[in-house]
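Using the UniProt record's numbering, the letters of the sequence shown correspond one by one to residues 1 to 388. Just below is one structure, and these are the notes that go with it.
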Amino acid sequence: MLDFNLKGKVFVTCKDRSVSYLEKEIRELGFVPESVTRTGIELRATMEECMDLNLYLRTASQVLYEIKSFYLRNADDIYRRFKAIPWEDYLDVDGYFSVNSVAENESITTPLIVNVKVKDAIVDRFRDLKGRRPDSGSDFNGLVFQVYWKETQCIVYINTSGDTLAKHGYRKIPGKAPMMEALAATTIYATEWNTRVPFINPMCGSGTLAIEAALMATKRYPGLYRDHYSFQHILGYDEQAFLAKKSKLESKIMELPDLKIIASDISLQAISFAQENAITAGVDHMIEFQVCDFAETEIPEKPRGVIMFNPEYGERLGENDELEITYKRMGDFLKQKCAGYRGYIFTGNLELAKKIGLKASRRMEFWNGTIDCRLLKYDLYEGKKEEM
């Protein structure tokens, strides 16, 4: 049985180009990173603290708790080395588990070989010790083991999250070309919006940016919307401790009745989807939804805040001509109607971005899936610069 109060090495993963925002979140939770890579942060934490990391982090993908690190020469050694690990300390014989692996070794042609050999080693150890074995499969419905193997160094983790943390659990209707919730949160962090001034999101689609803004402002954390994690299947897990943590999340909610968040879209269906998602997230009362062309979006005069677009990128043939006009209109709208605001456009098409007609003061790099994207910042100050 795992001691949930025993500190160990933990690696929190995220998308490439997002790690600085994840580091800020982790430090705000009181943890001290030991090392930072392009796609994650290593720190020391207990399994009890891993529960908190899963519940609170907005920009993370997975929270991995290391259980073993060893030399592994080639595929022929996998079964023997993995069978020697005391899996019965972590997994109940009547439980369910899955194995995921990332392998870079010349003896491996496909990661599936690693998955199969590790699963065989685990179930055979249980058969030898207990005369029966736990169930296993490819989904993440039980305890998830993660294997990272590069050349001759192998690290075995418990993936305490299970399914990715990048999905925050409230978006039941994704809509057209949705932005993942973790990416939406990351880009909002990148705007340095202070959560006290208006947040305006024209072309809102299914509402992810506006909803994430409302969640951040009111301290509603992702764990509010999710009830299943891999750590719940570890021997030693305390359900009452988990429920207490969930209750603590509820107590942190802070309503801000004067905060202005506006989300608009020309599509009535998109606004309907966004409203349904906002209801699920419990923030529908905080967001003013408008069905209109983006240029007709209400822009409060004071206080000046942040306006953020996530337009289409024109991935399909023939779309660019129409989108060139749209991108130019966005630039005109920012220049003519949003003076005093800080403007942001998130796009995966840098050629279209040239049509905006404004000079970006910053160009921040992100990935949206496999699409190379930029968050473009436009300073639209009029008169005295205000805090945003």
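Heads up, the beta-carbon is just placed ideally off N, CA and C, and yes, glycines get one too.
Residue burial classification, LEU6 (beta-carbon count within 10 angstroms, cutoff 16): When all chains shown are included, LEU6 counts as exposed.
DSSP-derived helix/strand/coil call for LEU64: In the structure shown, LEU64 falls within a strand segment according to DSSP collapsed to helix, strand and coil.
Supposed contact pair TYR327 and LYS355 - C-beta distance, whole angstroms, cut 8 Å: The pair is a contact, with the Cβ atoms about 4 Å apart (cut-off 8 Å).
PRO134 CB to nearest heavy atom of the ligand ADP below 7 Å: For the ligand ADP, the structure offers nothing, since it holds no ligand at all.
Anticipated Cβ contact below 8 Å, GLY8 with TYR65, distance rounded: Their Cβ separation, rounded to whole angstroms, is 6 Å, which keeps GLY8 and TYR65 in contact under 8 Å.
Beta-carbon proximity of MET1 to PHE242, cut-off 8 Å: No, these two residues do not count as a Cβ contact at 8 Å.
Given 8 Å, three or more beta-carbon pairs between the stretch 151-168 and the stretch 177-185: Per the Cβ contact rule, the stretch 151-168 is in contact with the stretch 177-185 (3 or more Cβ pairs under 8 Å).
LEU215 versus ILE188: straight-line alpha-carbon distance, rounded: Cα to Cα, LEU215 sits roughly 11 Å from ILE188.
Straight-line Cα distance separating THR280 from ILE26: When rounded, the distance between both Cα atoms is 26 Å.
Proximity below 8 Å, CB of VAL156 to CB of LYS68: Yes, they are a contact pair.
Beta-carbon proximity check, ILE299 vs ILE200, cutoff 8 Å: With contacts defined by Cβ atoms closer than 8 Å, ILE299 and ILE200 form a contacting pair.
Any 3 or more C-beta pairs closer than 8 Å across the stretch 191-199 and the stretch 294-310: Counting Cβ pairs under 8 Å, three or more are found: they touch.
When TRP149, PHE231 and TYR221 are compared against ILE158, the one with the closest alpha-carbon: Ranked by Cα distance from ILE158, the first of TRP149, PHE231 and TYR221 is PHE231.
Proximity below 8 Å, CB of GLY142 to CB of HIS285: It is not a contact, given that the beta carbons lie outside the stated cut-off.
Selected residue, minimal CA-CA separation from LYS24, among THR109, ILE253 and ALA185: Answer by Cα proximity: ALA185.
Closest Cα partner of SER35 within the set SER20, GLU365 and MET47: Selected option, being the one with the closest Cα: SER20.
Outcome for GLY131 when other beta-carbon atoms lying within 10 angstroms are tallied against a minimum of 16: Exposed, by the Cβ-count rule.
Candidates GLY331, ALA75 and TYR313, of which the one nearest LYS176 by Cα: Taking only the C-alpha atoms, the option nearest LYS176 is TYR313.
The stretch 69-89 touching the stretch 263-272, judged by at least three CB pairs closer than 8 Å: As far as the Cβ criterion goes, the stretch 69-89 does not touch the stretch 263-272, which means the pair count is below three.
Option nearest PRO134 by Cα separation, candidates THR160, GLN290 and TYR90: Just measuring C-alpha positions, the residue of THR160, GLN290 and TYR90 sitting nearest PRO134 is TYR90.
Nearest neighbour of GLN275, chosen from LEU376, ARG304 and TYR170 [CA to CA]: Among LEU376, ARG304 and TYR170, the Cα nearest to that of GLN275 is on TYR170.
Cβ separation of LEU55 and TYR221, assumed to be a contact under 8 Å, to the nearest whole Å: Between LEU55 and TYR221 a beta carbon distance of about 6 Å is seen, short of the 8 Å cut, so the two are scored as contacting.
For ASP321 and SER161, the rounded distance between their alpha carbons: About 43 Å.
Whole-number beta carbon distance between VAL147 and VAL118, since they are thought to touch under 8 Å: That belief holds up - the Cβ atoms of VAL118 and VAL147 are roughly 6 Å apart, short of 8 Å.
Buried versus exposed call for THR59 [16 or more other C-beta atoms within 10 Å across all chains shown]: So THR59 counts as buried.
Terminal residues of the beta strand (DSSP E) in which ILE200 lies: Taken as a continuous stretch (DSSP letters only), the beta strand (DSSP E) holding ILE200 covers 199-201.
8 Å Cβ cutoff met for residue 389 and LEU376: Here the chain covers residues 1 to 388 and nothing more, so residue 389 does not appear.
THR191 (DSSP reduced to helix, strand or coil): In the structure shown, the three-state DSSP call for THR191 is helix.
Nearest to GLY343 (by Cα), restricted to the options ASP124, LEU350 and ARG363: Closest by C-alpha distance to GLY343, out of ASP124, LEU350 and ARG363, is ARG363.
Buried versus exposed, by CB contacts within 10 Å (16 or more), THR152: With fewer than 16 Cβ atoms within 10 Å of its Cβ, THR152 is classed as exposed.
Straight-line Cα distance separating ALA190 from LEU380: Each residue's Cα considered, the two are about 17 Å apart.
Separation of ASP92 from residue 390, as counted between CA atoms: One cannot answer for residue 390 here, as it falls past the ends of the chain, which runs 1 to 388.
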